[in-house]
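Chains as they are written, first to last, in our numbering: chain X, 288 to 416; chain A, 288 to 416.
C-beta: ideal position from N, C-alpha, C; glycine also.
Number of protein chains: 2
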Amino acid sequence: MFIEIEADSTVPIYLQLAQQVIEGVAKGELKPGDSLPSVRAFAADLGMNMHTVNKAYHYLEEKEFIQIVSKKGVFIHERSVREATEKDTDRLKKELRPMISEALCLNLSTDELQALLNDIVRDIKEGTR
Amino acid sequence: MFIEIEADSTVPIYLQLAQQVIEGVAKGELKPGDSLPSVRAFAADLGMNMHTVNKAYHYLEEKEFIQIVSKKGVFIHERSVREATEKDTDRLKKELRPMISEALCLNLSTDELQALLNDIVRDIKEGTR
DNA sequence: CTGTTGTTCTATTCACAGTAGAACAGTTGT
DNA sequence: ACAACTGTTCTACTGTGAATAGAACAACAG
């Protein structure tokens with residue numbers, strides 16, 4: 288699990304961490320049942336505070352990507368990869384909408400948008416950064 | 288120009304406002320040269336502070352969607368709809384990546400992703416909310 | 001018993017969001 | 001010339017979230 292944090296990003300570092308764990312799940316690098324480092328170990332490894340890692344973990348738990356077992360450890364959720372509900376897709380649509388609007392202003396055709404999308408999927412699965 | 292602000296959203300209201308102006312450009316409702324309300328009039332109309340509208344305007348100006356002419360007014364930028372540069376697409380890719388990761392965890396195929404994308408484009412152009 | 005686990009508590013610093021009111025310097029219409 | 005309006009700038013305040021810090025607790029594993 289390779290994590291890269293951009294300190295100067297507008298995205299909070301706890302969110303960056305969570306997003307990269309999700310990406311690890313998406314590319315199959317992290318499988319259900321796998322354990323994640325303890326909040327203290329991960330924090331020391333990444334050079335950040337214990338509470339920041341804890342915040343990322345609870346964010347991931349709320350999204351059902353991991354399972355936090357008190358006093359034992361943190362594990363990838365059994366249903367980390369699951370079927371999308373209508374609520375899931377609605378939320379995705381809402382979050383994607385502003386970016387798609389911008390893309391349309393940039394004169395991107397639906398074909399070009401789909402190509403862009405395929406590029407991203409490839410980047411994620413191949414681990415390109 | 289119909290604007291809807293969600294007060295309880297995690298998205299700052301100045302950003303919500305800016306995003307909906309961009310959407311207006313995307314759907315062709317706002318065309319280059321069109322004028323936008325004054326910061327005071329818009330603020331009164333939306334029930335928010337003048338400075339908040341001003342913040343949204345400057346955000347849009349930085350992104351080259353509008354042009355602020357001091358002491359005169361605010362207008363849709365001549366190049367509000369323009370060709371995407373590589374920098375533009377790279378930024379888009381970076382912003383889309385976390386959401387695509389989540390989509391992959393939800394077992395969405397690339398076909399389903401493209402369908403989702405087409406849905407959003409349709410919603411924007413038809414004005415569905 | 002020792003070390004590690006996640007949890008909880010208080011505390012502080014910093015930045016951003018949002019509101020508020022006032023004043024300024026140009027522009028526009030009458 | 002005057003009044004109304006434009007975006008700009010300034011100070012000021014409140015509230016919230018991000019991030020760090022240190023300490024203590026209870027449960028588990030060796």
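Residue i and residue j look like a contact to me (Cβ under 8 Å); what is the Cβ gap, rounded to whole Å?
{"i": "PRO319(A)", "j": "ILE290(A)", "result": "The pair is not a contact, with the Cβ atoms about 20 Å apart (cut-off 8 Å)."}
{"i": "ILE411(A)", "j": "ILE387(X)", "result": "7 Å"}
{"i": "GLU365(A)", "j": "ILE309(X)", "result": "That belief does not hold up - the Cβ atoms of GLU365(A) and ILE309(X) are roughly 40 Å apart, past 8 Å."}
{"i": "LEU317(X)", "j": "MET288(X)", "result": "7 Å"}
What is the rounded straight-line gap between the Cα of residue i and the Cα of residue j?
{"i": "LEU404(A)", "j": "THR376(A)", "result": "16 Å"}
{"i": "HIS338(A)", "j": "HIS345(A)", "result": "10 Å"}
{"i": "THR372(X)", "j": "ASP295(A)", "result": "24 Å"}
{"i": "LEU391(X)", "j": "ALA313(A)", "result": "6 Å"}
{"i": "GLN401(X)", "j": "LYS358(A)", "result": "42 Å"}
{"i": "PRO385(X)", "j": "LEU302(A)", "result": "10 Å"}
{"i": "ILE300(A)", "j": "GLN306(A)", "result": "10 Å"}
{"i": "THR297(X)", "j": "VAL356(X)", "result": "31 Å"}
{"i": "SER325(X)", "j": "THR415(X)", "result": "27 Å"}
{"i": "ARG409(X)", "j": "ILE292(A)", "result": "36 Å"}
{"i": "VAL368(A)", "j": "LYS374(A)", "result": "16 Å"}
{"i": "GLU413(X)", "j": "GLY315(X)", "result": "11 Å"}
{"i": "ARG327(X)", "j": "GLY311(X)", "result": "20 Å"}
{"i": "ARG378(X)", "j": "ARG378(A)", "result": "22 Å"}
{"i": "LEU333(X)", "j": "LEU333(A)", "result": "44 Å"}
{"i": "GLN354(X)", "j": "GLN354(A)", "result": "49 Å"}
Do residue j and residue i have their beta-carbon atoms positioned less than 9 Å apart in this structure?
{"i": "SER322(X)", "j": "GLY360(X)", "result": "yes"}
{"i": "VAL340(X)", "j": "PHE352(X)", "result": "no"}
{"i": "LEU383(X)", "j": "LEU347(A)", "result": "no"}
{"i": "LYS380(X)", "j": "ASP406(A)", "result": "yes"}
{"i": "GLU349(A)", "j": "LEU393(X)", "result": "no"}
{"i": "LEU304(X)", "j": "ALA331(X)", "result": "no"}
Comparing the CB of residue i with every heavy atom of the ligand NAD, is any distance shorter than 8 Å?
{"i": "HIS345(X)", "result": "Among the ligands in the structure shown, none appear at all, so the ligand NAD cannot be discussed."}
- Could you name the residues of the segment 395 to 412 of chain A whose beta carbon sits closer than 9 Å to any beta carbon of chain X, in the order they occur along the chain? The residues in question are LEU395, THR397, GLU399, LEU400, GLN401, LEU403, LEU404, ASN405, ASP406, ILE407, VAL408, ASP410, ILE411 and LYS412.
- Query: Enumerated in chain order, which unbroken segments of the alpha helix (DSSP H) with a length of 4 residues or greater are wholly contained in the segment 363 to 397 of chain A?
  - Reply: 373 to 392
- Query: Residues in the segment 358 to 378 of chain A with C-beta within 7 Å of chain X's C-beta atoms, listed in sequence order?
  - Reply: The segment 358 to 378 of chain A vs chain X, Cβ under 7 Å: SER367, VAL368, ARG369, GLU370, ALA371, ASP375 and THR376.
- Item | Residues within the segment 310 to 342 of chain A neighbouring chain X, beta-carbon criterion of under 7 Å | Residues of the segment 310 to 342 of chain A with a C-beta less than 7 Å from any C-beta of chain X: GLU310, VAL312 and ALA313, listed in chain order.
- Let me know the beta strand (DSSP E) ranges lying completely inside the segment 298 to 358 of chain A, each 3 residues or longer, listed in chain order. Counting only runs of 3 or more, we get 353 to 356.
- Item | Contact residues within the segment 379 to 393 of chain A, judged by C-beta distance below 7 Å to chain X | LEU379, LYS380, GLU382, LEU383, ARG384, PRO385, MET386, ILE387, SER388, GLU389, ALA390, LEU391, CYS392 and LEU393
- Residues in the segment 290 to 306 of chain A with C-beta within 7 Å of chain X's C-beta atoms, listed in sequence order? GLN306
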